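Visitor: Okay, so the sequence shown: first residue is 626 according to the numbering used here, each after it adds one.
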Amino acid sequence: MEGPSNGGLLYHEMQESKLCAVHCVNTVLQGPFFSELDLAALASDLDQTERQMMLEGAGRGGASSGDFYSEVSHNVSMNGDFSIQVLQKALEIWDLQVVPLDSPAAEQSKFEPEVENAFICHLHDHWFCIRKVNGEWYNFNSLLPAPEHLSQFYLSAYIDTLKDSGWSIFSVRGSFPTDCPIPHDFPTGFGQWLTPEDAQQIAKSCNQMKFSTQEAYSSKIDAMAEQEEEDLNAAVQASLMDYTNIQNRPDVIEGGGRNTVESATLGLEFDPPNSNGSFVDPCPHGAEGGESSSDVRDDKVR
């Protein structure tokens, strides 16, 4: 009976600069088989081949050959992102084929992803691998501190979520390497071998740390909101106390009404009302002849 690959260990690479394509290929192969220089060389070879094909086509079609001499690579960007053709070329060296999940050849995998052995996922400038190792599925995303175990049920749901979010997904088929012998003087760089138990423990510890950080952040937000509420209540109480002090001033109490409160606040003076509750007419006698104010008002009306 064939033993587990790599002695039962999982090979994982943590994100380094913009080298997620390198991490993706190596975790598919479960070992540090490629470096960024290797993929860059493959990208250069592909660029040369594509230019040659375009030049031959231009010769038959009569287009200017200079139109196809461009220093811009179509297989590796300035920030280090590699094309799917580069990853495909690297895996072909190990007799592995890359098949788009939306192609007819991968029809069964859309509904039963567990029949495959590995998937490559890409969105924007990020690549990562989902791989079955020793019968168990793992997410080898280089942004994770360790491989994340995926149950068979969650595998299907996770891939569906990726597709719905716009990720391009490719299945990888063929005979995968079962062992990666590493010389003692070989620098492992950003790669590491982990037992499934170690990977689970690292993931658990990071999740706990993440939860603690989120909990501390939530507590800080709650404390800030509580402080803001206290400050608002204090401002309201201070405002009410200022209004009460104005009402309790002697000049305001003697005035006995809303108008006198406003006048006291504005620095204006009005005569207080008479004893029967009506305000005293500021002009009780409209003329020397002793006309009453009501007569004056009547004359004005007339």
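The C-beta atom is built at its ideal place from N, Cα and C for all residues, glycine as well.
On a predicted model such as this, the values are computed, not experimentally measured, just so you know.
Name the DSSP beta bridge partners of W818, please?
Guide: Start at 1 with the first residue of the sequence shown, and residue 818 comes out as number 193. Paired residues: Y636.
Visitor: In terms of alpha-carbon separation, which member of H637, S796, E853 lies closest to P729?
Guide: On the sequence shown, position 104 is the one that residue 729 refers to. Taking each of H637, S796, E853 in turn and checking the Cα distance to P729, the smallest one comes out for S796.
Visitor: Measure the CB-CB distance between V724 and A731 and report whether it falls below 8 Å.
Guide: Taking the first residue of the sequence shown as 1, we reach residue 724 at position 99. Taking the first residue of the sequence shown as 1, we reach residue 731 at position 106. Against a cut-off of 8 Å, the Cβ pair of A731 and V724 comes out as a contact.
Visitor: From the DSSP output, read off the bridge partner residues of E773.
Guide: On the sequence shown, residue 773 is found 148 positions in, with the first residue counted as 1. Per DSSP, the beta-bridge partners of E773 are N764.
Visitor: Quick check on S728: does DSSP put it in helix, strand or coil?
Guide: Locating residue 728 in the sequence shown gives position 103, counting from the first residue. S728 falls in the coil class under three-state DSSP.
Visitor: Going by beta carbon distance, what residues of the same chain come within less than 6 Å of H747, once the five residues before and after it are set aside?
Guide: Numbered from 1 along the sequence shown, position 122 holds the residue referred to as residue 747. So the list reads S793, once near-sequence residues are dropped.
Visitor: In terms of residues, what are the limits of the beta strand (DSSP E) holding L748?
Guide: As a first step, residue 748 is located in the sequence shown; it is residue number 123 there, counting from the start. Counting along the chain, the beta strand (DSSP E) containing L748 begins and ends at 743-748.
Visitor: Looking only at its chain, what residues have a beta carbon closer than 6 Å to the beta carbon of N766, apart from the 5 residues adjacent to it on each side?
Guide: Taking the first residue of the sequence shown as 1, we reach residue 766 at position 141. Excluding sequence neighbours, N766 sits near F753.
Visitor: Which residue from W719, I718, E737 puts its Cα closest to that of L726?
Guide: Counting from one through the sequence shown, the residue named residue 726 turns up at place 101. If we check each option's Cα against that of L726, E737 comes out closest.
Visitor: Considering only their Cβ atoms, is the gap separating L667 from A715 smaller than 8 Å?
Guide: Here the question's residue 715 lines up with position 90 in the sequence shown. Here the question's residue 667 lines up with position 42 in the sequence shown. Yes.
Visitor: If you reduce the DSSP assignment to three classes, tell me which class Q862 lands in.
Guide: Position 237 of the sequence shown holds residue 862. The answer is helix: DSSP assigns Q862 an H, G or I state.
Visitor: DSSP has S796 in a bridge; who is on the other side?
Guide: Counting from 1 along the sequence shown, the entry for residue 796 is found at position 171. Answer by DSSP bridge pairing, in chain order: V724, F744.
Visitor: Less than 6 Å between C-beta atoms, sequence neighbours within five positions excluded: which residues of the same chain meet that for G656?
Guide: For the purposes of this step, residue 656 is taken as the residue at position 31 of the sequence shown. Counting only Cβ-Cβ distances below 6 Å, and skipping sequence neighbours, we find Y636, C805.
Visitor: Under 8 Å, do N651 and G799 count as touching if we go by C-beta distance?
Guide: Residue 651 sits at position 26 when you count from the first residue of the sequence shown. Residue 799 sits at position 174 when you count from the first residue of the sequence shown. No, the pair does not count as a contact, with Cβ atoms beyond the cut-off.
Visitor: Could you have a look at V650 and say whether DSSP puts it in helix, strand or coil?
Guide: Here residue 650 is taken as the residue at index 25 of the sequence shown, counted from 1. It is helical.
Visitor: Where do the N-terminal and C-terminal ends of the beta strand (DSSP E) with I755 fall, by residue?
Guide: Taking the sequence shown and counting its residues from 1, one reaches residue 755 at position 130. 751-758 is the span of the beta strand (DSSP E), which, as asked, contains I755.
Visitor: Locate the alpha helix (DSSP H) running through I709, then write down its first and last residues.
Guide: As a first step, residue 709 is located in the sequence shown; it is residue number 84 there, counting from the start. Run containing I709: 709-717, per the alpha helix (DSSP H) assignment.
Visitor: Can you give the Cα-Cα distance for H774 and N858, rounded to whole angstroms?
Guide: Along the sequence shown, one-based indexing puts residue 774 at 149. Along the sequence shown, one-based indexing puts residue 858 at 233. Rounded to the nearest angstrom, the two C-alpha atoms are 50 Å apart.
Visitor: May I have the straight-line CA-CA distance separating S698 from E854, to the nearest angstrom?
Guide: If you number the sequence shown from 1, residue 698 lands on position 73. If you number the sequence shown from 1, residue 854 lands on position 229. Going from the Cα of S698 to the Cα of E854 covers about 58 Å.
Visitor: Taking the straight line between their C-alpha atoms, what separation do you get for E761 and Q677?
Guide: Position 136 of the sequence shown, counted from the first residue, corresponds to residue 761. Position 52 of the sequence shown, counted from the first residue, corresponds to residue 677. Linking E761 to Q677 through their CA atoms gives a straight-line distance of about 44 Å.
Visitor: Should N631 be labelled buried (16 or more other beta-carbon atoms within 10 Å of its own) or exposed?
Guide: Indexing the sequence shown from 1 puts residue 631 at position 6. When all chains shown are included, N631 counts as buried.
Visitor: Using the C-alpha atoms, what's the distance from I709 back to T674?
Guide: Sequence index remark: in the sequence shown, residue 674 carries index 49 (1-based). Sequence index remark: in the sequence shown, residue 709 carries index 84 (1-based). If you take the alpha carbons of T674 and I709, they lie about 16 Å apart.
Visitor: Please tell me whether N759 and G633 are closer than 8 Å, where the distance is taken between their beta carbons.
Guide: Numbered from its first residue, the sequence shown carries residue 759 at position 134. Numbered from its first residue, the sequence shown carries residue 633 at position 8. Yes, Cβ-Cβ distance for N759 and G633 is below 8 Å.
Visitor: Which residue's Cα is closest to the Cα of T803: F658, C831, D670?
Guide: As a working mapping, residue 803 is identified with position 178 in the sequence shown. Nearest of F658, C831, D670 to T803, Cα basis: F658.
Visitor: Taking the C-alpha atoms as reference points, what is the distance between N790 and A860?
Guide: On the sequence shown, position 165 is the one that residue 790 refers to. On the sequence shown, position 235 is the one that residue 860 refers to. Correcting the residue type first, residue 790 is Ser in the shown sequence and not Asn. Roughly 48 Å separates the two Cα atoms.
Visitor: Our contact map puts I718 next to V653 with C-beta atoms below 8 Å; I'd like the distance itself, whole angstroms only.
Guide: As a first step, residue 718 must be located in the sequence shown, where it is residue number 93. As a first step, residue 653 must be located in the sequence shown, where it is residue number 28. Your pair I718 and V653 does not check out as a contact, with CB atoms roughly 12 Å apart and the cut at 8 Å.
Visitor: Which word fits A771, buried or exposed, when buried means at least 16 other C-beta atoms lie within 10 angstroms of its C-beta?
Guide: The residue given as residue 771 occupies position 146 in the sequence shown. So A771 counts as buried.
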